[in-house]
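Notes follow once the structure below has been shown.
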Amino acid sequence: MLIRVDPSSTVPLGDQVAASVRRAVAEGRAGAGDRLPSAREVAGALGINLHTVLRGYQQLRDEGLVELRRGRGAVLTERATGGRAELSRSASELAALARRLGLDEADALDAVRAAFR
Amino acid sequence: MSTSTTRTTRRRLLAAAPGTALAVAGILALVATGTPGRGSALAIVLLGLLGLGLPLWQLRSGRPDVQRRAVGSAWAFAVLIWWVPAARLAPQLPGAAWTVLVLSAAAAAYLLGYLLAGPDASNPPAPAARPPHDAVRTPLAPGERYLWSRTVLSRPTLAVAALLLVAAALQLLSGAGSGVVVALVAVAVLTTALSAFARVRVDGDGVHVRQALLGRTLTDAPLDEVRSARAEQLDPDRFRWNDYGPLRRSPGLLGYRARRSGEALVLDLTRGREFVVTVADAATAAGLVNAELDRRAERGAVPPC
Numbered sequence: 001m002l003i004r005v006d007p008s009s010t011v012p013l014g015d016q017v018a019a020s021v022r023r024a025v026a027e028g029r030a031g032a033g034d035r036l037p038s039a040r041e042v043a044g045a046l047g048i049n050l051h052t053v054l055r056g057y058q059q060l061r062d063e064g065l066v067e068l069r070r071g072r073g074a075v076l077t078e079r080a081t082g083g084r085a086e087l088s089r090s091a092s093e094l095a096a097l098a099r100r101l102g103l104d105e106a107d108a109l110d111a112v113r114a115a116f117r
Numbered sequence: 001m002s003t004s005t006t007r008t009t010r011r012r013l014l015a016a017a018p019g020t021a022l023a024v025a026g027i028l029a030l031v032a033t034g035t036p037g038r039g040s041a042l043a044i045v046l047l048g049l050l051g052l053g054l055p056l057w058q059l060r061s062g063r064p065d066v067q068r069r070a071v072g073s074a075w076a077f078a079v080l081i082w083w084v085p086a087a088r089l090a091p092q093l094p095g096a097a098w099t100v101l102v103l104s105a106a107a108a109a110y111l112l113g114y115l116l117a118g119p120d121a122s123n124p125p126a127p128a129a130r131p132p133h134d135a136v137r138t139p140l141a142p143g144e145r146y147l148w149s150r151t152v153l154s155r156p157t158l159a160v161a162a163l164l165l166v167a168a169a170l171q172l173l174s175g176a177g178s179g180v181v182v183a184l185v186a187v188a189v190l191t192t193a194l195s196a197f198a199r200v201r202v203d204g205d206g207v208h209v210r211q212a213l214l215g216r217t218l219t220d221a222p223l224d225e226v227r228s229a230r231a232e233q234l235d236p237d238r239f240r241w242n243d244y245g246p247l248r249r250s251p252g253l254l255g256y257r258a259r260r261s262g263e264a265l266v267l268d269l270t271r272g273r274e275f276v277v278t279v280a281d282a283a284t285a286a287g288l289v290n291a292e293l294d295r296r297a298e299r300g301a302v303p304p305c
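Just so you know, the protein sequences line up as chains A and B, in that order.
Okay, so the first sequence: first residue is 1 according to UniProt numbering, each after it adds one.
Okay, so the second sequence: first residue is 1 according to UniProt numbering, each after it adds one.
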């Protein structure tokens, strides 16, 4: 599992942490049952705030890709398949694009609904 | 191994020698004061192997931190081994107070040995080097930070822990083993079992192998000592049948072996040493190490090998 952040990027650091995990799953380098490094370890190694890492992990939990358990850390779920991670990554990119265009969540969801029709 | 490292190892062997001599005297006292029998003979052999062999073996590692702990352990063992024979020679000593005294003295002896180990060898830092052109690389942006991490399980190490556990249980059930022996074996079981689960980590400082549960460092390769990295299939013939877990047999071969063969991250270190870790996705890890070496060399403007 490779987690990388570029402090000079405009993408928030927590989002970069989450994106690293999604990429690892999408490329088949990590899968269901794999444990993510502890948030403390990631924060220490990358020189970023512990809460920033936890924000990234919480994004992944909200997407159903990881399970956060006290004492067990963050573990990739059965949903952490390549396709699922790809979908999450595309959704993140869509959200980032919507923000850049000054659109809100409802506008982005309208675009997704329109694409389904 | 450099001259400075060899001299330091020799000095540390001398620092451990009085402790080892005291431990040998303790083992002889244990034999002289004990009751003869197969169980007690086995216990004494186990004690000798653990208490004398392990520190001497670790002193050969050439690693400053491991050597320092080994000298401390040799001195602590020299005190601990006298626990039983001294109590037999002077039975009027009160039990609880005697136990506290011996354990405190062992802790003090460990500290004394640790200090007697003296300063580490002063090896001049190797100049920053670039890995060869054709070495695998995982591209890194100039200011990018990263952490690559994988968990590995050494089943053979776990099996050794299980065997030690069975030996301790047999000693306890047969009544042949003294409390000290059982306690020492219990510590060995715990230490071995903990080192069977490891987390391999690559970051800007190098490659680290740590206990997965406690985070204690088992072995590491600081980036200053790395010349290049590669991923390869491990050749089992290079290792002895019992070379599993942290590799400490030879000063020239370091690392952690979890599996008999398979994918491995191999680092060429300074002073002709090699660091080997059996881990999946080793190519990514090797690429990161080489890319980090490139970045460092660029800061020092070193041409590729």
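For every residue, glycine included, the Cβ atom is placed at its ideal position computed from N, Cα and C.
Keep in mind that this is a model prediction, so the values were computed, not measured.
Practice prompt. Scan the segment 45-69 of chain A for residues whose Cβ lies nearer than 7 Å to a Cβ of chain B and list them as they occur along the chain.
Written response: Taking 7 Å as the Cβ-Cβ cut-off against chain B, the residues of the segment 45-69 of chain A that qualify are A45, L46, G47.
Worksheet entry | Beta-carbon neighbours of R35 of chain A, restricted to chain B and to distances below 8 Å | Here the question's residue 35 of chain A lines up with position 35 in the first sequence. Those are T151, listed as they occur along chain B.
Discussion item. Counting only C-beta atoms, is L147 of chain B closer than 8 Å to chain A at any point?
Written reply: For the purposes of this step, residue 147 of chain B is identified with residue 147 of the second sequence, where counting begins at 1. Chain A, which has a Cβ nearer than 8 Å to the Cβ of L147 of chain B, makes this yes.
Worksheet item: Does D294 of chain B come within less than 8 Å of chain A when only Cβ atoms are used?
Response: Sequence index remark: in the second sequence, residue 294 of chain B carries index 294 (1-based). The C-beta of D294 of chain B comes no closer than 8 Å to any C-beta of chain A.
Worksheet item: If you draw a straight line from the alpha carbon of S73 of chain B to that of T20 of chain B, how long is it in whole angstroms?
Response: Indexing the second sequence from 1 puts residue 73 of chain B at position 73. Indexing the second sequence from 1 puts residue 20 of chain B at position 20. Approximately 10 Å between the Cα atoms of the pair.
Worksheet item: When burial is assigned at 16 or more other CB atoms within 10 Å of the CB, is A291 of chain B buried or exposed?
Response: Taking the second sequence and counting its residues from 1, one reaches residue 291 of chain B at position 291. Burial call: buried.
Practice prompt. Can you pull the chain D residues whose beta carbon is under 9 Å from the beta carbon of E298 of chain B, in chain order?
Written response: No chain D is present in this structure, whose protein chains are A and B.
Worksheet item: Do A43 of chain B and Q171 of chain B have their C-beta atoms within less than 8 Å of each other?
Response: Translated into positions along the second sequence, residue 43 of chain B becomes position 43. Translated into positions along the second sequence, residue 171 of chain B becomes position 171. With contacts defined as CB atoms closer than 8 Å, A43 of chain B and Q171 of chain B qualify as a contacting pair.
Discussion item. On the criterion of 16 or more Cβ atoms from any shown chain inside 10 Å, does V166 of chain B qualify as buried, or is it exposed?
Written reply: Counting from one through the second sequence, the residue named residue 166 of chain B turns up at place 166. Classification for V166 of chain B: exposed.
Discussion item. I need the straight-line Cα distance from residue 310 of chain B to D243 of chain B, nearest angstrom please.
Written reply: Only positions 1 to 305 of chain B appear in this structure, which leaves residue 310 of chain B out of reach.
Item to complete: Go through its chain and collect everything with a Cβ distance to G31 of chain A's Cβ below 8 Å, but skip five positions before and after it.
Response: Numbered from 1 along the first sequence, position 31 holds the residue referred to as residue 31 of chain A. Same-chain partners within the cutoff: V25, L76, A80, T81.
Item to complete: Buried or exposed for E63 of chain A, please, with buried defined as at least 16 other CB atoms from any protein chain shown within 10 angstroms of its CB.
Response: Here residue 63 of chain A corresponds to residue number 63 of the first sequence, with the count starting at 1. The residue in question, E63 of chain A, is buried, as its Cβ has 16 or more Cβ neighbours within 10 Å.
Discussion item. Is there a Cβ of chain A sitting closer than 8 Å to that of G143 of chain B, yes or no?
Written reply: Residue 143 of chain B sits at position 143 when you count from the first residue of the second sequence. It does; some Cβ of chain A falls within 8 Å.
Practice prompt. Starting from G14 of chain A, trace the alpha helix (DSSP H) both ways and give me its first and last residue.
Written response: Residue numbering aside, residue 14 of chain A sits at position 14 when the first sequence is read from its first letter. First-last of the alpha helix (DSSP H) with G14 of chain A: 13-26.
Worksheet item: Taking Cβ-Cβ distances below 8 Å as the criterion, which residues of the segment 2-25 of chain A are in contact with chain B?
Response: For the segment 2-25 of chain A, the beta-carbon criterion of a distance under 8 Å to any beta-carbon of chain B is satisfied by L2, I3, R4, V5, D6, P7, S8.
Worksheet item: In the segment 273-291 of chain B, which residues sit with their C-beta less than 7 Å from some C-beta in chain A, listed in chain order?
Response: For the segment 273-291 of chain B, the set of residues with a beta-carbon nearer than 7 Å to any beta-carbon of chain A comprises D281, T284, in chain order.
Worksheet item: At a cut of 8 Å, does the segment 272-285 of chain B reach the segment 142-161 of chain B through at least three beta carbon pairs?
Response: Contact holds between the segment 272-285 of chain B and the segment 142-161 of chain B, because three or more Cβ pairs, one in each stretch, are under 8 Å apart.
Practice prompt. Evaluate G245 of chain B with the Cβ neighbour count: other Cβ atoms within 10 Å of its Cβ, from every protein chain shown; 16 or more gives buried, anything less gives exposed.
Written response: By one-based count along the second sequence, residue 245 of chain B stands at place 245. Answer is buried; the Cβ neighbour count reaches 16.
Discussion item. Against R29 of chain A, what residues of chain B qualify as contacts under a CB-to-CB distance less than 8 Å, listed in chain order?
Written reply: As a position in the first sequence, residue 29 of chain A is number 29, starting the count at 1. By Cβ distance, chain B contributes D281, T284.
Discussion item. Buried or exposed, going by whether 16 or more other CB atoms sit within 10 Å of the CB of Q233 of chain B?
Written reply: Numbered from 1 along the second sequence, position 233 holds the residue referred to as residue 233 of chain B. Q233 of chain B comes out exposed.
Item to complete: Could you spell out where the beta strand (DSSP E) holding Y256 of chain B opens and where it closes?
Response: What you label residue 256 of chain B is simply residue 256 of the second sequence in a count that begins at 1. That run of the beta strand (DSSP E) goes 253-257.
Discussion item. Closest to residue 343 of chain B by C-alpha separation, out of B:V84, B:Y114, B:A96, B:A107, would be which residue?
Written reply: No information on residue 343 of chain B is available, as it lies outside the stretch 1 to 305 that chain B covers here.
Worksheet item: Is the number of C-beta pairs between the segment 11-18 of chain A and the segment 48-67 of chain A that are closer than 8 Å three or more?
Response: Contact annotation: the segment 11-18 of chain A touches the segment 48-67 of chain A, with at least three C-beta pairs closer than 8 Å.
Worksheet item: Taking DSSP as the reference, what is the three-state secondary structure of T284 of chain B?
Response: Taking the second sequence and counting its residues from 1, the one referred to as residue 284 of chain B is at position 284. Here T284 of chain B sits in helix by DSSP.
Worksheet item: Can the beta-carbon of R227 of chain B be found less than 8 Å from the beta-carbon of D294 of chain B?
Response: Residue numbering aside, residue 227 of chain B sits at position 227 when the second sequence is read from its first letter. Residue numbering aside, residue 294 of chain B sits at position 294 when the second sequence is read from its first letter. Going by C-beta atoms, R227 of chain B is not nearer than 8 Å to D294 of chain B.
Discussion item. Are the CB atoms of A229 of chain B and V289 of chain B within a distance shorter than 8 Å?
Written reply: The count along the second sequence starts at 1 and reaches residue 289 of chain B at position 289. The count along the second sequence starts at 1 and reaches residue 229 of chain B at position 229. Using a Cβ distance threshold of 8 Å, V289 of chain B and A229 of chain B count as a contacting pair.
Discussion item. Please classify G51 of chain B as buried or exposed, where buried requires at least 16 other C-beta atoms within 10 Å of its C-beta.
Written reply: Stepping through the second sequence from its first residue, residue 51 of chain B is reached at position 51. Buried is the call here.
Practice prompt. Pull out every residue of the segment 202-219 of chain B whose Cβ sits closer than 7 Å to any Cβ of chain A, in chain order.
Written response: Per Cβ criterion, the list reads D203.
Worksheet item: Would DSSP call L247 of chain B helix, strand or coil?
Response: Counting from one through the second sequence, the residue named residue 247 of chain B turns up at place 247. Secondary structure at L247 of chain B: strand, using DSSP grouped into helix, strand and coil.
Worksheet item: Who pairs with T77 of chain A in a beta bridge, going by DSSP?
Response: As a working mapping, residue 77 of chain A is identified with position 77 in the first sequence. BP columns for T77 of chain A are empty, so no partner.
Worksheet item: At least one CB of chain B closer than 8 Å to the CB of V112 of chain A: is that the case?
Response: As a position in the first sequence, residue 112 of chain A is number 112, starting the count at 1. It does not; no Cβ of chain B falls within 8 Å.
Discussion item. Can you find the residues in the same chain that come closer than 6 Å, C-beta to C-beta, to S20 of chain A, ignoring five residues on each side of it along the sequence?
Written reply: Your numbering for residue 20 of chain A matches position 20 in the first sequence. For S20 of chain A, the CB contacts under 6 Å within the same chain, skipping 5 residues up- and downstream, are I3, R4 in chain order.
Item to complete: In the DSSP assignment, find the unbroken alpha helix (DSSP H) run with A86 of chain B in it and report its ends.
Response: As a first step, residue 86 of chain B is located in the second sequence; it is residue number 86 there, counting from the start. It spans 83-89 - the alpha helix (DSSP H) in which A86 of chain B sits, taken as one unbroken run.
Fill in: Outcome for G26 of chain B when other beta-carbon atoms lying within 10 angstroms are tallied against a minimum of 16
For the purposes of this step, residue 26 of chain B is taken as residue 26 along the second sequence, with counting starting at 1. By the beta-carbon neighbour count (other beta carbons within 10 angstroms, threshold 16), G26 of chain B is buried.
Practice prompt. Output, in chain order, the set of chain B residues within a Cβ distance shorter than 9 Å of V42 of chain A.
Written response: Here residue 42 of chain A refers to the residue found at position 42 of the first sequence. Close to V42 of chain A, with beta-carbon spacing below 9 Å, are these residues of chain B in chain order: L147, S149.
Worksheet item: CB A76 of chain B to CB A117 of chain B, shorter than 8 Å?
Response: Counted from its first residue, the second sequence places residue 76 of chain B at position 76. Counted from its first residue, the second sequence places residue 117 of chain B at position 117. With respect to A117 of chain B, A76 of chain B sits apart: the two C-beta atoms are not nearer than 8 Å.
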